[in-house]
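Take a look at the structure set out below.
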Amino acid sequence: MVGLGLKLRYVAAVLTVGALLTAGVAVVTHYSETAEHEKLRAVDEQLDAISALDPRLAAAQERLHGVVEEVYDGQTVNIAIAGALLTLMAGLVVLLIMVRIDRALVALMDNAQSIGRGRYAEPIAVSGVAETAALESSLEQMRQALTTTTISRDFLDDVLNGIKDAVLVMTDGRMRTANAAAARLFGMPEQELIGVAFKDLIAPDHLAAFNLERLQSAPGETVIRTRSGQTIPVSVHISTLGREPAGGNRGTILVLRDITERKRAERRIRYLARFDTLTKMPNRMQFQHQLHQAITRNTRQGRGLVLLYIDIDNFKEINDTFGHDTGDRVLETISERLTRALPRESVAGRLAGDEFAVFAEGVKDDQAGHEQGHDLARLVLGEIAKPVHLPGQEIDVTASVGVALVPEHADNVIDLIRNADAAMYHAKRQGRNCHVFYVPEMNAAAVERLLLKSKLRRALERDEFVLRYQPKVDLANGEVVGSEALLRWRLPGHGEIAPSQFIPLAEESRLILDIGAWVLNQVCIDYAAWQQRVSDPGRVAINLSLKELSQASFIPRCRSVFERHNVSASCVELEITETTLMLDAERTLPLLDELRSMGIHLSIDDFGTGYSSLSALQQFPISTLKIDRSFVTNAATDPDDATIVRTIIEMGRSLGLQVIAEGIETEEQRYFLLHSGCQMGQGRLFGDAISSDAFLELLLRQATGEHPALQLPA
373 MVGLGLKLRY VAAVLTVGAL LTAGVAVVTH YSETAEHEKL RAVDEQLDAI
423 SALDPRLAAA QERLHGVVEE VYDGQTVNIA IAGALLTLMA GLVVLLIMVR
473 IDRALVALMD NAQSIGRGRY AEPIAVSGVA ETAALESSLE QMRQALTTTT
523 ISRDFLDDVL NGIKDAVLVM TDGRMRTANA AAARLFGMPE QELIGVAFKD
573 LIAPDHLAAF NLERLQSAPG ETVIRTRSGQ TIPVSVHIST LGREPAGGNR
623 GTILVLRDIT ERKRAERRIR YLARFDTLTK MPNRMQFQHQ LHQAITRNTR
673 QGRGLVLLYI DIDNFKEIND TFGHDTGDRV LETISERLTR ALPRESVAGR
723 LAGDEFAVFA EGVKDDQAGH EQGHDLARLV LGEIAKPVHL PGQEIDVTAS
773 VGVALVPEHA DNVIDLIRNA DAAMYHAKRQ GRNCHVFYVP EMNAAAVERL
823 LLKSKLRRAL ERDEFVLRYQ PKVDLANGEV VGSEALLRWR LPGHGEIAPS
873 QFIPLAEESR LILDIGAWVL NQVCIDYAAW QQRVSDPGRV AINLSLKELS
923 QASFIPRCRS VFERHNVSAS CVELEITETT LMLDAERTLP LLDELRSMGI
973 HLSIDDFGTG YSSLSALQQF PISTLKIDRS FVTNAATDPD DATIVRTIIE
1023 MGRSLGLQVI AEGIETEEQR YFLLHSGCQM GQGRLFGDAI SSDAFLELLL
1073 RQATGEHPAL QLPA
C-alpha cells in the first residue's frame, strides 16, 4: 500500500535526524575539548616554566602532554561512529515498523474491496498492529452491518446462476455480468463474455433486424450465435437498472430464453394445420390460401386459371370392403401419382376424405383455358385409373372431375370451388370416371343465396333473430363457468338457419354491423336478467367480425350498451378469429388494447387454423385461446391431432393464457383434453345450445350444488 518512495523518505528522515544529532554532539564535544585543551596548554606552559627550574618535573609534563593529545584526538571520532550506528539502527527499526503497518493496511484494502464487490461472508482478520486496530474494528462492524442488511454478492451469484434463463447485465453496449446459463447458451466461460458487445453475439443474418430500443418497450425475439457457430433462436426481455444521479441508465438487464423447442413446435403446428398428414399434400385451408394467391396474381397479369375438383368414385365401398387402412393406402398412392404426374405450374391438395383439387395457372384466354382443363382432367383421370397394387390385392379406382375457370366461371376462391364442386356432381350423375365443365345452370343454389340475402335484410325488422347459449364447462367437474352466445335465424318456412349460412352474406354488406349491435344489446339484456337471480353467471363470449371492430363507433357503442343495462364489461368476452386478428394487425392492436382497458376479455377463436405464429400473437392483449373443433374431433384417436392439441395447450398455458376446447362430443375427447392440461371446454357432450331462460334454469340448478348433465331442451 505504502509506496517505496514514501518508505525511503521516512527512513531518510530518520537518518537525517540521526546524522544531525551526531554532528551536533560531535561539534559540541569538539568545542568543549578545544576549550579544555587551551586550559591544559596553559597549564602545560606553566609546567614548562616550572620544569625549567626543576628538571624532575619534565617527565611528568611529557606524560600529561600525551594524555591531553590522546583525549583530544579520540572523543570526536568515537562520538561520530556511535552516532552513525545508532542512526542506522533507528532507520531499520522505522523501516520494519512501516513494513508491518503496510501489510496490515494492504489486508484492510483487500477486505474493503471485497466488501465493495458484495462479498462479506468472511470476517476481517486481526493483524495485531496497534496502528490499524481501530480501522480493522470499524471495518468489521461495517461488514457485520452489511451482512444483516444487504444481500451478498455470493448470494446474488447463487441466485443468478440458479436461473435457467441466460441473464446478462450490459453497460455501454458491452457485457459486465453473465450467469452460468448465459455461459452454457453461448458455449463460452462467463469471464469471456465480460466486455463483449451484445451485438457481436447475434447471428449476422439477424443483426439488421435487431433493435435494442424496440425491445425495451416490448419483449421480442432474435437469433444468437454460439462459439461453435450454432445459431439458436431466443426470446429477449430487456429492462433498465436505476438512473444515475447525473442522468442516464446504470445499465441494462437482458434475459434470454432458448426457444428452439417452441419454434420447432410452431413449425410442426403450422405444418399440421396446413398439410394433410396422410398424403403430405396441402389441406383445404392451405390449398384455398394458395388458390387465392394464384387468382390474385393471375388477375393482375390478365391471365386465367383452371381448377379441377376431384372426387374418388365409390370410395366408401373401398373402405367398407377392404378396411380403412387399405383406403388410406389408396389415397396415398393417388396423391403420389398426382404429385409426380402433374405439370410444375400446377398445385394439388386434399380438401377432405376422398376429395382432391388441382389448379393450374397461366391460361391466356377462355379457349386456352378449356383446352388446358381438358388436358389436365384427362391426365388426372388416367393416373387415378391405373390399378392400385397392394399386398395380396389389386384395386381399380376411378374419379369424377369438375372443372371451373377463372375468370369465366368465378373470380374468387369460394365461388370457384363451389362451381367446380357443382360440376363434379354433374360428372358423377353422368356416370362417373369423366370430367365436366361448370355451367351456370348447375348451381341453382346461387339463386337461393340471392333470395336468402334479400330476406336477411328484413330479419332484424321482423324480429327473426334469436340467441342460443352454449355452456362453457369445467372439464373436471362439469361446472358451468360461462357461455358462448350463438346467433340463430328463424326464417319462416325454413326453420333455424345456422350462422355459417347467413353471416357471410351479412359481411358482404353493412348488415353485419346492425346484427352485431343487436347481439351485444340482447346479450346484455339476458345477462342483466341472470344477475337478478344468480350472483355470477360467468362470462359470455360473443363473436366479433373485423368490420365491426373497424368501425369508429364500435367502442363508444359498447360502453353505452354496458352502461344502459348496468352490466360490467368484464362479463363479456369478444372472440376474434386468428385470420381476422392478423389481417390488419397494426391497426387492430390499439383497438384491442382499448377494449382490454375497458375490462373486456379477448379470445382467439379457431386457434391453429390461421397463418400466424404464437409469437406473433403475443403482441395482442389476448387472454384465451380456443382450440378449433377440427383438431378436437380426432384428438383422442389421431396422434397428429393429439400433438397439435397438446402443443397448443402447453404453449397457451406457458404464456398465461386460458385454453378452452370447442366441439367436444364424446367422453373420450373430454378425458383426453382434461389429462392434456385443458380445463375448459364446450360442445354437444354437455348439451346443445339453449335459450336464455333454459340457461338461467341451468345456473339456478347449479347454484343449489347440482351439476346437471346439461342435456336440456332448447
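Residues in the sequence shown are numbered consecutively from 373, following the numbering used here.
Each residue gets a CB set at the ideal place from its N, CA and C atoms; glycine is no exception.
Check: Measuring alpha carbon to alpha carbon, tell me which residue in Glu-1022, Leu-964, Phe-694, Lys-998 is nearest Gln-765.; Outcome: Phe-694
Check: Relative to the alpha-carbon of Thr-952, which residue among Leu-677, Gly-1059, Glu-920, Thr-1009 has its alpha-carbon at the smallest distance?; Outcome: Glu-920
Check: Return helix, strand or coil for Arg-640, following the three-state DSSP convention.; Outcome: helix
Check: Here's the rule: buried if 16 or more other CB atoms are within 10 angstroms of the residue's CB, otherwise exposed. What is Ala-581?; Outcome: exposed
Check: Of all the beta strand (DSSP E) runs that stay within the bounds of the stretch 829 to 870, which reach a length of 3 or more residues?; Outcome: 837 to 846, 852 to 863, 867 to 869
Check: Which of the three DSSP states is assigned to Ala-913 in this structure?; Outcome: strand
Check: Using the Cα positions of Ser-1048 and Ala-1075, report the straight-line distance between them to the nearest angstrom.; Outcome: 29 Å
Check: Nearest-angstrom Cα distance between Glu-947 and Asn-938?; Outcome: 22 Å
Check: Compare the beta carbon distance of Glu-704 and Leu-777 with 8 Å and say whether it is the shorter of the two.; Outcome: no
Check: Note down, one range per segment and in chain order, each alpha helix (DSSP H) of at least 4 residues found wholly within the stretch 702 to 776.; Outcome: 738 to 757
Check: What residue ranges within the stretch 638 to 701 form continuous beta strand (DSSP E) runs of no fewer than 3 residues, ordered along the chain?; Outcome: 676 to 684
Check: What distance in whole Å lies between the Cβ atoms of Gly-559 and Ser-600, which are believed to be in contact at a cut-off of 8 Å?; Outcome: 6 Å
Check: Buried or exposed: Ile-610, going by 16 or more other Cβ atoms within 10 Å of its Cβ?; Outcome: buried
Check: DSSP on Asp-630, reduced to helix/strand/coil?; Outcome: strand
Check: Please name the residue in Leu-859, Ala-857, Pro-876, Val-933 whose C-alpha comes closest to that of Lys-825.; Outcome: Pro-876
Check: Roughly how far, in whole angstroms, is the beta-carbon of Val-1004 from the beta-carbon of Ile-1032, given that I think they are within contact range, below 8 Å?; Outcome: The pair is not a contact, with the Cβ atoms about 10 Å apart (cut-off 8 Å).
Check: Please state whether DSSP places Tyr-983 in a helix, a strand or coil.; Outcome: In this prediction, Tyr-983 has a pLDDT of 47, which is less than 50 and means its spatial position is unreliable; what the coordinates show is noted afterwards. Here Tyr-983 sits in coil by DSSP.
Check: Taking the alpha-carbon positions, what's the Leu-762 to Glu-1022 distance?; Outcome: 40 Å
Check: Among the residues of its own chain, which have a CB less than 7 Å from the CB of Gly-741, if the five just before and after it don't count?; Outcome: Gly-676, Val-678, Val-735, Leu-777, Glu-780
Check: What number of angstroms, rounded off, separates the C-alpha of Val-808 from the C-alpha of Gly-774?; Outcome: 5 Å
Check: Just how far apart, CA to CA, sit Ala-1086 and Arg-701?; Outcome: The predicted position of Ala-1086 is uncertain, since its pLDDT is 39 and thus under 50; no value can be drawn from it.
Check: Measuring CB atoms only, is the stretch 779 to 795 touching the stretch 749 to 761, in the sense that at least three cross pairs come out at less than 8 Å?; Outcome: no
Check: Look at the Cβ atom of Ile-999, then the Cβ atom of Val-1017, and state whether they are nearer than 8 Å.; Outcome: yes
Check: Could you tell me which residues DSSP puts in a beta bridge with Phe-328?; Outcome: Limits of the chain in this structure are 373 at one end and 1086 at the other, which puts residue 328 out of reach.
Check: Run the CB neighbour count on Ala-506, radius 10 Å, all protein chains shown included, and call it buried at 16 or more, exposed below.; Outcome: exposed
Check: Would you kindly check if the distance between the Cβ of Phe-926 and the Cβ of Cys-896 is under 8 Å?; Outcome: no
Check: With hydrogens ignored, establish whether the beta-carbon of Gly-1053 is closer than 7 Å to any heavy atom of the ligand COA.; Outcome: With respect to the ligand COA, the structure shown offers nothing to examine, as it has no ligands at all.
Check: How many angstroms separate the CA atom of Leu-963 from the CA atom of Gly-1028?; Outcome: 22 Å
Check: Measure how close the beta-carbons of Val-606 and Leu-628 come, nearest whole angstrom, since I'm counting them as under 8 Å.; Outcome: 4 Å
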